[in-house]
Amino acid sequence: DDAQDAELRHEHLLPKETSNAIGYDDLMILLETLEAEIEKLLSSAEDGPSGRTILSCSGVIQAVKAICRLLGELDTLDIAKAIEDLRTCCDHGQTVYSYGEDKQTYSNGSLAIVSESGDYAEVKLRPRTIVEQIRYRCNEVRNSIQGLLEIYTQAFRVNFCVNVPEYTANPISICNISQSVMVNVSCLHRPPVGWSHDEYNLGVQIYHGARYISEPYVVQCSNELSGIYPRLTFNSWIMFRNPVCTLPREARLVLVLYGCIREPVDGTTDASAGGGGAAGASGPVGDDSARGRMTQIELGWSSIQFFDFERKMIQGSYLLPMWPPTTDKYFGPAPSKGTYPIGGSFPILGIEIPSYGGAVVFPEPIRNLPRAVKLDFHSLDRNLQQELIDTAEQGYSPDKLEKREVLWEKRHYLHTFPHALPKILHAAHSWDYACLADLHALLKSWTALSPVQALELLLPRYPDLEVRRQAVEWISAMPNDEFIDYLPQLLQALKHDTYEGSPLAMLLLGKSLESPRIAHHLYWLLLHSLPGEAPQNILETAGHAGDEVLMNQARYHRRNQLMLRALLAICGEKLTARFLSQNMMCKRLGEVAQSVKLAKESHRLTILKQGLESVNQMLIDNPTVLPLEPGAEVTGVVVRSCNYFNSNTLPLKINFSGPDRVVVPAIFKAGDDLQQDSLTIQMVRIMDKMWLREGLDLKMVTFNCVPTAYKRGMIELVSDSETLRKIQVEWGVTGSFKDKSIAEWLAKQNPSQLEYQRAVENFTRSCAGYSVATYILGICDRHNDNIMLKTSGHLFHIDFGKFLGDAQMFGNFKRDRTPFVLTSDMAYVINGGDRPSAKFHQFVDLCCTAFNIVRRHGDLLLHMFALMTTSGIPGVTVEAVNYVRNALLPGQSNPEAAATFAKMIHISLKSWFTQFNFFLHNIAQMKFSSETDDGELLSFIPRVYTMAQDGRLKSVMVHGFQKRYDQEKYYTYILKVTRQNQPDPAYLFRSYKEFCEFHQKLCIHFPLAKLHSLPSGIHVGRSNVKVVAERRLPEIRQFLISLFNSADEIAHSDLVYTFFHPLLRDQQEADIHAAKVKGNPAAIEDSQPPQLGGKIKISLQYHRDTLIVMIHHALSLPTTPNGQAPNTYVKVYLKPDGSKTTKRKTKVVRKNCNPSFMETLEYRLPIEFIQKKVLHVTIWSHDSLQENAFLGGFELPLAE
């Protein structure tokens, strides 16, 4: 939709300079000054011998110092040597002039050719004159400055270029160079003043992807500073054992600097041993001799690629900035030049790569490769087949290298297993040019990977350009809606591409052109990855110099800036304007959030509404969409209904207005890093899609979360939901210990039996889903304000600031002590009461099924986390990936994993600490609690009902009262209600406490109404007794008579119809003539009659020569003769078995007619033997004093 981008050029996309560039004019002034000083020196030397002649090179030296200072206080060893030689020459020249020409003893001279014939020439050596000596030394100074300018312009972005003569000799292929790779480490420039180590070690190694391909070498230097400006001099050559011809195209040199401190021997003091303020990994490296033990501290690292984008090998001298210590220095390519965020003060390492006789290039990849050999997998031995399948699925650990060798050797047998390709490529011994033909042929002829499987090939351990190009080709087949699910990982994978112009970058831009949703989400991911509040901003030196995480992320900023500007250039004027308007809105919201934080508590709401008025006007003038979703268009802000939450960061609750005046609620949060929340929600969504594809709907509720800037972002607000804390504190501060709180709240929100059943089903399934998800992801800090419940019964979690096992601490102990949150009030809803039921078996089965589905696709989760390890998100490290891997129980079969998860359910449910943690949080939040009753609703009926909905009341009579038992005894009054056009009366059940609340609300709403007053519910002595209930009965009757004798606006008000609306307890079957009723009104039991003898659920699996019998649950078991629930256990035999060697038993589940066992019983026997047996399963009731009682059993012929 725009014409100006038709002329788009590369320089339009280049990001702004990350540090102040050195100006051409300033440099030329200093170079001209140097030339002038050299001319002065030469003219002084040419004046001839004279006693008054003084040859001083101080002007030249000062000019050189000025140039070095302009270039960031850098001086090379060549400059130092040239200046020293010039100074020596000038000092010696003065002596020669004083004593005459005959005293000169210079060894330097020049060659004069006398004659030449054939292959030989006659030459004459004559000494150089003083003028020639000085001219020669001045030329050396010029050349050394020229060399410094050349390497400076290679390392930093400047606005000029240095003319270097280019040789037109034919390029040399690395295949023809068998010499060893050599590197000269010259010196470390600009060491920080705070460094005070005893010596310095530099570790040097060659890497390809995440794997080292050379031996490590260490060069040392003392802590002595030298040079025009301070520097540490190594001046050491390293000769690797790797020939140049074996270097892969993506190979890079990694150099890590360590400071060594000598610890004093016991009983002595060493003042020099305590220096060094740098952080990093430390460990002993020295000896334990009498001089003391050496401890090394990592100070920084540098890296450089051996080949550039045009396949040319680096040669000559280079300056490499030292980056702060980080664990991801061994991942991804070397930082591009000019990406270091701080200029002028950071340490710089100087290295030199020797020349190999010309321009060395890596050959072009071979095209039209022959297809790889394909062999029959089934021709292999059966055990070897199983071993290869296991290795292809699970990979191999570093201590199992024999598996890697077997996998590589048998690679041609596995071409029909797509998922085996990444493991085989990882097992390859070398990626040099000689091996590429075989590897690339294997890649071309392999069975195509699915787009999701191909994500693994974007990990940093697969740096080969052709492998990554093929992976991108497979990923490009992914539908756009699914592509968005993996967008954060794909953007991180861009960091691992060796060069910026990669196929993955083109795929992301191409997909953005296809789908505005992809463009929208890619924009916000790129924007958040860059510093500052606008895309053009650079990293502020002062604010982030000390933050090592931000410093290391800065090496990717240029690449991300390039992508962002390319995105803005291709997506068109309209979409670009929409992006920028979103950015301006979020920037303004950030200012409002900051002003609310700084204001006094009493002024916060006023300041919030004043700030949001400007946002409202901005949106009225220029409507835009929310960062949460490109379809969420907003045209203003409903300022009067906006508020903030009383938590540490004071998030803003903002109600935006949509095009049709639809309210779009959202939360804007400033002060918290929302990257963890965004990643966690993404992983939960991925798991939910796994379950749905397998036909398992766990009713998961997720919400959008978009980080918009550093520690700022927007979160979708889930409507019709409440925190678990607010639900529980309705029962008092100790409500977290009460079992009925959630069930009663759901019953209030879902008054009909059908609605309540549906809500319980939603609760059971969503609770199972989040139990599995929070366990796998290690979600911590799970207090009752971080768990929410929708009125429809859907449970979901929020606030994922602590995850991957990073537990919240309370003093010196962990607050998260269970695998996941599952409390007795949740089990009360699932069971339909306080006793175990078959419904809990369904919950356990849902959890175990969901867990095994995620385990089946566990590699996807691990690869997604592995791609995010370089994202800079706190806690997302290699250790975090291992945490998730261990949580998936990789060494267990599906039945074993199900049994383990069932044990975790039991542990979580039996732990009292979760509820105690909720209780502590309730107390801590009491000071923040500001919930007030709005006086419009009854606490036990949250909705408003009207005469139009329910029908006009004709009469309400008190039929009587009943005693009920539901954990505690109480009396309820039976009301007979008749309505117009409804022939059958309805019977409602209300307690005296509810009548008192009803009376109070009527008095508030209709203060002039003359209603019969009800005595206070406070009663001296026992109130839940029959005498008190009888005494209150006439009072209630008088109250109802006075109510319906009132005016219609009172007697038929919404409040009255709300009170007399049938609730869930009113719709359940109950005998209105019974004096006593036992049971839970919120419990809805299955109407199926109990089965005689009960049922048992088992499953069988034969895997790796082992029969696994999984004992799941038993249902409706009979009670013991004395009426008690049995102490059940299961016995299993393989009949016939006269010796009882196949006897297996489960644990005993005490006092339960519906026990859940979730145990595996194993028989390591050949399949031929198993098929001749009959599985004999019996259920028994254990009794320690009498004979165990037989409850039932069955037999199953295994041959079938």
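Numbering of the sequence shown is given in UniProt numbering, commencing with residue 1 and proceeding in unit increments. Think of the CB as a built atom: it goes at the ideal place given N, C-alpha and C, for glycine as much as any other residue. This one's a predicted model, so the numbers in the text were calculated from it and none came from an experiment.
Cβ-based burial, residue i [other Cβ within 10 Å; buried from 16]
i, result
"Ser1013", "exposed"
"Cys586", "buried"
"Ala1199", "exposed"
"residue 1247", "In this structure the chain extends from 1 to 1200, so residue 1247 is not present and cannot be described."
"Asp1183", "exposed"
"Phe901", "buried"
"Asn235", "exposed"
"Val977", "buried"
"Trp237", "exposed"
"Arg964", "buried"
"Tyr120", "exposed"
"Ile54", "exposed"
"Val706", "buried"
"Phe989", "buried"
"Gly209", "buried"
Residue j beta carbon less than 8 angstroms from that of residue i
i, j, result
"Arg128", "Tyr136", "yes"
"Gly1123", "Gly1192", "no"
"Lys1076", "Ser1042", "no"
"Val884", "Leu861", "yes"
"Leu724", "Leu789", "yes"
"Val162", "Phe240", "no"
"Val60", "Ile38", "yes"
"Leu494", "Leu487", "no"
"Thr734", "Phe998", "no"
"Phe346", "Arg559", "no"
"Lys831", "His794", "Correcting the residue identity first, residue 831 is Asn in this sequence and not Lys. Contact flag unset, no."
"Ala670", "Ala566", "no"
"Ala1189", "Asn1152", "no"
Nearest candidate by alpha-carbon position, reference residue i, set the options
i, options, result
"Gly854", "Val193, Tyr970, Val684", "Per the sequence shown, the amino acid found at residue 854 is Val instead of Gly. Looking at the Cα atoms, Val684 is the closest of the given residues."
"Val1056", "Arg1065, Gln305, Asn1024, Asp950", "Asp950"
"Asp720", "Leu513, Lys574, Leu1161, Asn750", "Asn750"
"Ser955", "Thr946, Leu938, Gln982, Arg964", "Gln982"
"residue 1262", "Trp474, Ala850, Leu425", "Limits of the chain in this structure are 1 at one end and 1200 at the other, which puts residue 1262 out of reach."
"Cys221", "Ser502, Val1148, Leu257, Asn704", "Leu257"
"Tyr217", "Tyr207, Ser502, Ser226, Glu224", "Tyr207"
"Gly1155", "Pro836, Phe989, Leu1161, Lys1172", "The sequence shown places Pro at residue 1155, not Gly. Considering only alpha carbons, the answer is Pro836."
"Tyr756", "Leu86, Lys1097, Gln1068", "Gln1068"
"Ala88", "Val64, Leu1175, Cys138, Tyr120", "The amino acid at residue 88 is misidentified as Ala; the sequence shows Thr. When only C-alpha atoms are compared, the closest one is Cys138."
"residue 1249", "Leu608, Thr1106, Ser303", "The question about residue 1249 has no answer here: the residues shown for the chain are numbered 1 through 1200."
"Ala709", "Arg661, Leu527, Ile348, Val467", "Leu527"
"Glu744", "Val185, Lys1172, Trp731", "Trp731"
"Asn646", "Pro627, Ile667, Glu633", "Ile667"
"Gly805", "Arg367, Tyr24, Glu879", "Glu879"
"Lys444", "Trp474, Val452, Ala427", "Trp474"
"Ile145", "Val131, Trp195, Gly833, Ile83", "Ile83"
"Met864", "Val637, Thr339, Glu456, Leu1117", "Glu456"
"Thr1058", "Leu1134, Glu1049, Tyr945", "Tyr945"
"Gln842", "Glu896, Leu414, Ser766, Lys403", "Ser766"
Chain B contact for residue i (CB, 8 angstroms cutoff)
i, result
"Arg142", "The displayed structure is made up of one protein chain only, and chain B is not part of it."
beta-carbon residue i near the ligand GTP non-hydrogen atom, thresh 7 angstroms
i, result
"Glu1195", "In the structure shown, the ligand GTP is absent, as is every other ligand, since no ligand is present at all."
Bridge partner(s) assigned by DSSP for residue i
i, result
"Cys705", "Ile715"
"Glu1162", "Ile1108"
"Leu938", "Ile941"
"His219", "Correcting the residue type first, residue 219 is Val in the shown sequence and not His. Answer is Leu202, bridged to Val219."
"Ile134", "According to DSSP, Ile134 bridges with nothing at all."
"Cys90", "In the DSSP output, where bridge partners are listed per residue, Cys90 has none listed."
Which runs of the beta strand (DSSP E) spanning at least 3 residues fall entirely within the region 171-202, listed in chain order?
180-189
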